[in-house]
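First up is the structure itself, then whatever we jot down about it.
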DNA sequence: CTCATTGCAAAGCCTTTGCATGGAG
DNA sequence: CTCCATGCAAAGGCTTTGCAATGAG
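Chains as they are written, first to last, in our numbering: chain A, -16 to 126; chain B, -16 to 126.
Below is the structure:
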């Protein structure tokens, strides 16, 4: 069994929730796609394989998957909430193409260190670090 | 006349738009408040002084003020679009308290340099840099 | 059996827009 | 006069929730 599934199962146990197939199926589809997915997009993918699962179940399952620490949320100017993998997924930043909306991930470990320092100076207890660059990807810039 | 007002006036001229009082009044109230304001919050403040101005005018005026380069947009997980001053406002990052939602600005010039480097590596043409730290402010952390 | 979960549809909530009226140029 | 801007109200678009039916424990 996939490690992520075990983690979800454990999270469900700890929280005293019920182990339903829907939750594992949503997780399975979520893990099978490396994109940043909105609930709607994920629902679309889930439906292809498991047409019996509803939009609200995908929505609520993602909430649980998020709470289990398996997904991270992103929200950009389009207003859509998107989820990305967070389990054993290296810390990274996002470059977002204003034209084609493509998201490129990049390593930001050094930056994180500077952010930690900044937080310390302001006596702020950091939990999550985010770095983002808006601009044009190679393709859109040369087009 | 305030420098920002001149800039707005010039922007309006260049774009061939009309110089209406509403636009200048919205700008005035926006500049008088150093907070990060959503259109709704700004509308509330505008209404106190100029009750005849409507919500949609505030909304549309902020769009123009944004295009004139006088305001920057922020969008967090609450989903609300907020505007902050951007004219002669030093480049900075945001620390956002998950508890009281307070926003603390911090200097991120060094970080910006690293981000530029990262963009170059991915052949990405950067336009806007964003850094954000979620966590707890001093007060909420000790409470 | 009991109570959490599902699916459906609808409510919420902010953002954005259509349209008739008003006002700058 | 000509059109852009304004105000109002309503439409959009995504997220979230109420409720009756279903199913895990």
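Even for Gly, the Cβ is constructed at its ideal location relative to N, Cα and C.
In this text the structure is predicted, and so the values were computed from the model without any measurement.
Rounded straight-line distance, which links the Cα of residue j to that of residue i
| i | j | result |
| --- | --- | --- |
| residue 17/B | residue 86/B | 11 angstroms |
| residue 37/A | residue 47/A | 16 angstroms |
| residue 19/A | residue 65/A | 6 angstroms |
| residue 90/A | residue 113/A | 12 angstroms |
| residue 5/A | residue 111/B | 40 angstroms |
| residue 109/B | residue 102/B | 6 angstroms |
| residue 100/A | residue 88/B | 14 angstroms |
| residue 24/B | residue -8/A | 43 angstroms |
| residue 15/A | residue 28/A | 10 angstroms |
| residue 35/A | residue 62/A | 28 angstroms |
| residue -2/A | residue -10/A | 12 angstroms |
| residue 95/A | residue 126/B | 26 angstroms |
| residue 127/B | residue 0/B | Nothing about residue 127/B can be read from this structure; chain B reaches only from -16 to 126. |
C-beta atoms of residue i and residue j nearer than 8 angstroms
| i | j | result |
| --- | --- | --- |
| residue 22/B | residue 42/B | yes |
| residue 97/B | residue 93/A | yes |
| residue -12/A | residue 7/A | yes |
| residue 67/A | residue 55/A | yes |
| residue 2/B | residue -5/B | yes |
| residue 53/B | residue 69/B | yes |
| residue 32/B | residue 60/A | no |
Among the options, the one whose alpha carbon lies nearest that of residue i
| i | options | result |
| --- | --- | --- |
| residue 121/A | 19/B, 112/B, 106/B | 106/B |
| residue 124/B | 32/B, 84/B, 62/B | 84/B |
| residue 45/A | -3/A, 126/A, 26/A | 26/A |
(request) Would you be able to state if there are at least three C-beta pairs under 8 angstroms between the region -3 to 15 of chain B and the region 106 to 118 of chain A? (result) Proximity of the region 106 to 118 of chain A to the region -3 to 15 of chain B falls short of the contact definition, fewer than three beta-carbon pairs being nearer than 8 angstroms.
(message) To test your reading of the DSSP string, which unbroken beta strand (DSSP E) runs of 3 or more residues are found completely within the region 22 to 74 of chain A?
(response) Here the runs fully enclosed are 54 to 58, 64 to 68.
(message) Does the region 66 to 84 of chain A come into contact with the region 71 to 81 of chain B, if we say contact requires no fewer than three beta-carbon pairs (one atom in each stretch) closer than 8 angstroms?
(response) No, the region 66 to 84 of chain A does not touch the region 71 to 81 of chain B.
(request) Report the residue ranges of all alpha helix (DSSP H) runs contained in full by the region 83 to 115 of chain A; include only those spanning at least 4 residues, in chain order. (result) The qualifying runs are 92 to 104.
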